[in-house]
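Here's the structure we're looking at; comments come further down.
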Amino acid sequence: MTTDWLRSLPVAHRGLHDARAGIPENSLAAFAAAAQGGYALELDIQVSADGVPMVFHDDTLDRMTAHKGRVDARPAAELAEITLAKTAERIPTLAEVLALVAGRVPILVEVKAARGKVGPLEAATAEVLQPYRGRYAVQSFNPFSMGWFRAHAPLVPRGQISMDYRMDDQEPLKPYQKWLLTHLLFNRISRPHFIAYDVRALPSRATTRARKQGLPLLTWTVRTPADRKRAGDHADNIIFEGFRP
C-alpha cells in the first residue's frame with residue numbers, strides 16, 4: 001500500500017469540521033468536506049459495547065452530545081442514533097466513513113486504546129479496513145496498539161503518535177513511562193512506518209532522529225501561522241484544523 005501521501009497531503013484533523021457552519025468534528029459532513037477539498041482526513045475510533053468501531057474522539061459522550069457516559073457502554077445501534085453538537089449529524093461507524101470516502105482521499109485512523117486494553121478494538125478495526133481498497137494508515141498514542149497491528153496486520157501502515165509528556169500533567173503515567181514515550185523509545189514495540197508528534201514540542205531529538213532514519217514526520221494539531229512555520233521547518237506534513245492549507 002502506497003504511503004507517499006503521508007509526506008505530501010495535508011491531513012484534516014477530525015475531518016474538515018466547522019462549528020459555525022454546523023459541521024461537527026468526526027462527522028460524515030466533516031469527512032465529505034475534506035474529501036471534496038482534496039485533503040486526507042484523520043478520524044478517531046472508539047469501540048461500542050458490542051465491538052463495533054465507532055468514529056468518536058472522547059471516551060465519554062459528554063462533550064460532543066446531549067448524552068452522558070462512556071462510549072463503550074452502549075451498543076452501536078444506540079450510538080448511531082445520537083446526534084453531534086446540536087446538529088442533525090450522528091455518530092458514524094468506521095464502515096460508514098469508508099463507504100462515504102470510497103477511496104477519494106487517504107484516511108488516517110487513530111485507534112483510541114480505551115483504558116489501556118489492546119486487542120478487541122484493533123481486531124475490529126483491522127477487520128473493517130481489510131476489504132477497503134482506498135489508501136489508509138492507522139496510528140495510536142499506545143505503542144502496544146500499534147504492536148498489535150505489527151503482529152496481526154503487518155501490511156497496514158502504522159504510526160506512533162507522541163508528544164513531550166512533560167507538558168501534560170493530566171496524563172496518568174509514571175515518570176519513566178513519560179520519558180520513554182516522549183523519546184519514542186517504545187518504537188521497538190510498535191516499529192512504526194511514520195511518526196505523528198505534537199507541534200508544540202518541535203523540534204526534538206527524537207523527531208530529528210526519526211526523520212534521519214527515514215520515517216515521515218507528521219505534526220499535530222496545526223492551527224496558527226506560528227504552528228505552520230514550525231511545522232514547515234521541522235516536519236514533513238501537517239494534521240491541521242481551523243484553516244485550509
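Terminal number for the sequence shown in the UniProt record's numbering: 245, no gaps in between.
For each residue, glycine too, the CB sits at the ideal point set by N, CA and C.
Since the structure is predicted, the reported quantities are computational estimates derived from the model, not experimental observations.
Coarse secondary structure for residue i, derived from DSSP in three states
{"i": "ILE82", "result": "coil"}
{"i": "ILE161", "result": "strand"}
{"i": "PRO225", "result": "helix"}
{"i": "SER48", "result": "coil"}
{"i": "ASN187", "result": "helix"}
{"i": "GLU96", "result": "helix"}
{"i": "TYR197", "result": "strand"}
{"i": "PRO53", "result": "strand"}
{"i": "ASP70", "result": "Residue 70 is actually Arg in this sequence, not Asp. DSSP places ARG70 in strand when its eight states are reduced to three."}
{"i": "ASP233", "result": "helix"}
{"i": "THR65", "result": "coil"}
{"i": "ARG244", "result": "coil"}
{"i": "LEU181", "result": "helix"}
{"i": "THR60", "result": "strand"}
{"i": "THR219", "result": "strand"}
{"i": "ALA88", "result": "coil"}
{"i": "LEU43", "result": "strand"}
Local Cβ density within 10 Å of residue i, reported as buried at 16 or more and exposed below that
{"i": "PHE243", "result": "exposed"}
{"i": "ARG7", "result": "exposed"}
{"i": "LEU173", "result": "exposed"}
{"i": "ALA73", "result": "exposed"}
{"i": "TRP5", "result": "buried"}
{"i": "GLN46", "result": "buried"}
{"i": "HIS165", "result": "The amino acid occupying residue 165 in the given sequence is Tyr; His does not appear at that position. The residue in question, TYR165, is buried, as its Cβ has 16 or more Cβ neighbours within 10 Å."}
{"i": "ARG20", "result": "exposed"}
{"i": "ALA235", "result": "buried"}
{"i": "GLY163", "result": "It should be pointed out that residue 163 corresponds to Met in this sequence rather than to Gly. It counts as buried."}
Whole-angstrom C-beta distance between residue j and residue i, which should lie under 8 Å
{"i": "SER145", "j": "ALA113", "result": "4 Å"}
{"i": "LEU16", "j": "ILE107", "result": "About 13 Å separates the two Cβ atoms, so there is no contact after all."}
{"i": "HIS13", "j": "ILE239", "result": "5 Å"}
{"i": "TYR39", "j": "LEU79", "result": "Not really, about 26 Å apart at Cβ, beyond 8 Å."}
{"i": "GLN139", "j": "GLY159", "result": "4 Å"}
{"i": "VAL111", "j": "LEU121", "result": "6 Å"}
{"i": "GLY37", "j": "THR87", "result": "With a Cβ gap of about 19 Å, GLY37 and THR87 do not count as contacting."}
{"i": "LEU190", "j": "PRO143", "result": "The sequence shown places Ser at residue 190, rather than the Leu named in the question. The Cβ separation is near 4 Å, so the contact holds."}
{"i": "ARG90", "j": "ILE82", "result": "6 Å"}
{"i": "ALA126", "j": "VAL105", "result": "Rounded, the Cβ-Cβ distance is 21 Å, inconsistent with contact."}
Exercise. Is the region 50-64 in contact with the region 206-220, if contact means three or more CB pairs nearer than 8 Å?
Worked result: no
Problem set entry | Touching by the beta-carbon criterion (3+ pairs, under 8 Å), the region 198-210 and the region 147-157 | no
For this session: Answer yes if the region 94-104 comes into contact with the region 128-141, meaning at least three C-beta pairs across the two stretches below 8 Å, and no otherwise.
Result: yes
Exercise. What runs of the beta strand (DSSP E), each 3 residues or longer, lie entirely inside the region 98-154?
Worked result: 107-111, 136-140
Problem set entry | Segment contact flag, the region 87-97 with the region 47-59, C-beta cutoff 8 Å, min 3 pairs | yes
For this session: State whether the region 201-210 contacts the region 180-192, with contact taken as three or more CB pairs (one from each stretch) at a distance under 8 Å.
Result: yes
Exercise. What alpha helix (DSSP H) runs, 4 residues minimum, are completely inside the region 12-39?
Worked result: 28-37
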